[in-house]
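Protein chains in written order, with the working numbering: chain S, 1 to 190; chain D, 191 to 380. All C-beta atoms, glycine included, are put in the ideal place defined by N, C-alpha and C.
Protein chains: 2
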Amino acid sequence: MSSNSPSIGSVSPEFTLLGFLSQDPAHGYELHQKLTADLGQVWHLSQSQIYSILNRLEGKGLIQGSLQKQEKLPAKRLFTLTAAGQERFEEWLSSSSRPSARVIRIEFITRLYFAYARDPDFALQLVEGQIADTQARLQQLEKLESSQPGEQIFNQLGLDLRIRQLDSILGWLISCQDILATLSKGSPSA
Amino acid sequence: MSSNSPSIGSVSPEFTLLGFLSQDPAHGYELHQKLTADLGQVWHLSQSQIYSILNRLEGKGLIQGSLQKQEKLPAKRLFTLTAAGQERFEEWLSSSSRPSARVIRIEFITRLYFAYARDPDFALQLVEGQIADTQARLQQLEKLESSQPGEQIFNQLGLDLRIRQLDSILGWLISCQDILATLSKGSPSA
DNA sequence: ATGACATACTCACTGAGTGAGTATATCCAT
DNA sequence: ATGGATATACTCACTCAGTGAGTATGTCAT
Numbered sequence: 001m002s003s004n005s006p007s008i009g010s011v012s013p014e015f016t017l018l019g020f021l022s023q024d025p026a027h028g029y030e031l032h033q034k035l036t037a038d039l040g041q042v043w044h045l046s047q048s049q050i051y052s053i054l055n056r057l058e059g060k061g062l063i064q065g066s067l068q069k070q071e072k073l074p075a076k077r078l079f080t081l082t083a084a085g086q087e088r089f090e091e092w093l094s095s096s097s098r099p100s101a102r103v104i105r106i107e108f109i110t111r112l113y114f115a116y117a118r119d120p121d122f123a124l125q126l127v128e129g130q131i132a133d134t135q136a137r138l139q140q141l142e143k144l145e146s147s148q149p150g151e152q153i154f155n156q157l158g159l160d161l162r163i164r165q166l167d168s169i170l171g172w173l174i175s176c177q178d179i180l181a182t183l184s185k186g187s188p189s190a
Numbered sequence: 191m192s193s194n195s196p197s198i199g200s201v202s203p204e205f206t207l208l209g210f211l212s213q214d215p216a217h218g219y220e221l222h223q224k225l226t227a228d229l230g231q232v233w234h235l236s237q238s239q240i241y242s243i244l245n246r247l248e249g250k251g252l253i254q255g256s257l258q259k260q261e262k263l264p265a266k267r268l269f270t271l272t273a274a275g276q277e278r279f280e281e282w283l284s285s286s287s288r289p290s291a292r293v294i295r296i297e298f299i300t301r302l303y304f305a306y307a308r309d310p311d312f313a314l315q316l317v318e319g320q321i322a323d324t325q326a327r328l329q330q331l332e333k334l335e336s337s338q339p340g341e342q343i344f345n346q347l348g349l350d351l352r353i354r355q356l357d358s359i360l361g362w363l364i365s366c367q368d369i370l371a372t373l374s375k376g377s378p379s380a
């Protein structure tokens, strides 16, 4: 049971697998292929990592693997999302990412990928929400910077870099918005 | 012995501890304090992590802990750098960081911190080197982007974000250069 | 004297990530 | 036909990252 798993950390690759499985049941091998093809610039997961995550997810009851025995080949396992898994994924899909360089690059893009596959407009909403969060965080950091004791040069440099990075993220988010908006208009699905 | 430890990963906090110990022998507790005070914007290490790293470093023979028995208090351990540890640290100190957002923010700033403490001019050299590396990597990524199959939108978005982030790093490095140069002139130690 | 805070460290845990190994099928060139 | 590359599909054993709670003791103010 263990109620709340202690660290299904925000940038965890678990949700990526849940996402793929929410689209179609698959084997570990296929998941690795798909991940590499579609999100290879975002995630770099080895095969063995995929399998270890799958085992963990099964342990938590979020997915269910069914052994498919084969004549000669060793059995393979086809994984399907459980109801609990589906719920978890939905929850994650509409939550928002902590505005930090790494998290955005990894987690947010992943979320965007799945949101877009489901409904381009939903993806656009996510971007808008993230822009707001990022702006808020940026202001926070700028405030922190101005109130920082000028002594610790390296802490200040670190902070300055973070701010610059957040700023570049903001620019990126806005360009995302444009791209997604254009795509929606180009091929309106409704 | 184990010749080459498999993953004394580039952004490993190990070198940070080696660095502090290269300045002065210290206890785990002190190291945690110092790290938080001087590089708190860069590293977030819990106490227990500090101790586990120290144990590992001792296991590798890079540092040496001497038990100081006390009347009533449980013994504390004072850690000193070994010759091997010193060597490792020197090697790391003049190597260059992989030009990626995270690595620069964590590893490079740390390196800069120790380089600067030793000799501001050395720090300046590191910055210059890093600028060159970053520019080279930037060109590489831009080339990759233009040759990327336009189909995988999300891979492209990921790449685009990386490029923007590297670009902001470049800006930051240049501002570092200015700051360090000014500091050198302001108080010429030679 | 008691409760907050600082010093100093340990333990048990989950999770990230790597690298090598296993087993089998298929297909291509020699 | 045979042997070697490549693809499918998964396992194991490992190190390192990171958290949270716990232990033990001293100091200092109220």
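By how many angstroms is the C-alpha of residue j removed from the C-alpha of residue i?
| i | j | result |
| --- | --- | --- |
| K69 (chain S) | L18 (chain S) | 24 Å |
| L356 (chain D) | R137 (chain S) | 20 Å |
| L180 (chain S) | W172 (chain S) | 12 Å |
| I153 (chain S) | Q254 (chain D) | 30 Å |
| A75 (chain S) | G251 (chain D) | 46 Å |
| H234 (chain D) | A83 (chain S) | 37 Å |
| T182 (chain S) | I174 (chain S) | 12 Å |
| G59 (chain S) | G40 (chain S) | 27 Å |
| K459 (chain D) | I299 (chain D) | As displayed, chain D neither begins before 191 nor continues past 380, which places residue 459 (chain D) out of reach and without an answer. |
| A227 (chain D) | R354 (chain D) | 30 Å |
| R12 (chain S) | G275 (chain D) | The residue asked about is misnamed: residue 12 (chain S) is Ser in this sequence, not Arg. When rounded, the distance between both Cα atoms is 34 Å. |
| L81 (chain S) | L211 (chain D) | 50 Å |
| L225 (chain D) | L67 (chain S) | 50 Å |
| Q139 (chain S) | V232 (chain D) | 19 Å |
| T324 (chain D) | E87 (chain S) | 42 Å |
| D24 (chain S) | L31 (chain S) | 10 Å |
| L57 (chain S) | E91 (chain S) | 16 Å |
| L161 (chain S) | L351 (chain D) | 15 Å |
| N55 (chain S) | S236 (chain D) | 29 Å |
| E107 (chain S) | L141 (chain S) | 21 Å |
| Y167 (chain D) | Q33 (chain S) | This structure cannot settle anything about residue 167 (chain D), because the visible part of chain D is limited to 191 through 380. |
What does DSSP give as the partner residues of residue i in its beta bridges?
| i | result |
| --- | --- |
| K250 (chain D) | Answer is none; K250 (chain D) lacks a bridge partner. |
| L66 (chain S) | The identity of residue 66 (chain S) in the sequence shown is Ser, whereas the question assumes Leu. For S66 (chain S), which the question treats as bridged, DSSP gives the partners S:L78. |
| A216 (chain D) | D:F269 |
Could you round the C-beta distance between residue i and residue j to whole angstroms and report it? I think they count as a contact, below 8 Å.
| i | j | result |
| --- | --- | --- |
| S96 (chain S) | G129 (chain S) | 5 Å |
| Q124 (chain S) | Q177 (chain S) | Before going further, note that residue 124 (chain S) is Leu rather than Gln in the sequence given. About 7 Å separates the two Cβ atoms, so the contact holds. |
| R267 (chain D) | H217 (chain D) | 7 Å |
| F205 (chain D) | F279 (chain D) | 6 Å |
| L93 (chain S) | I131 (chain S) | Wrong, their Cβ atoms sit about 18 Å apart, outside the cutoff. |
#### Entry: Three-pair Cβ contact test at 8 Å for the segment 340-351 of chain D versus the segment 108-120 of chain S
When Cβ pairs closer than 8 Å are counted between the two stretches, the segment 340-351 of chain D is seen to touch the segment 108-120 of chain S, the count reaching three or more.
#### Entry: the segment 131-145 of chain S touching the segment 280-295 of chain D, judged by at least three CB pairs closer than 8 Å
no
### Task
Assess, as a yes-or-no matter, whether the segment 306-313 of chain D is touched by the segment 231-244 of chain D under the definition of 3 or more beta carbon pairs within less than 8 Å.
no
### Message
I'd like the ranges of any alpha helix (DSSP H) spanning at least 4 consecutive residues and lying wholly in the segment 118-168 of chain S.
### Response
120-146
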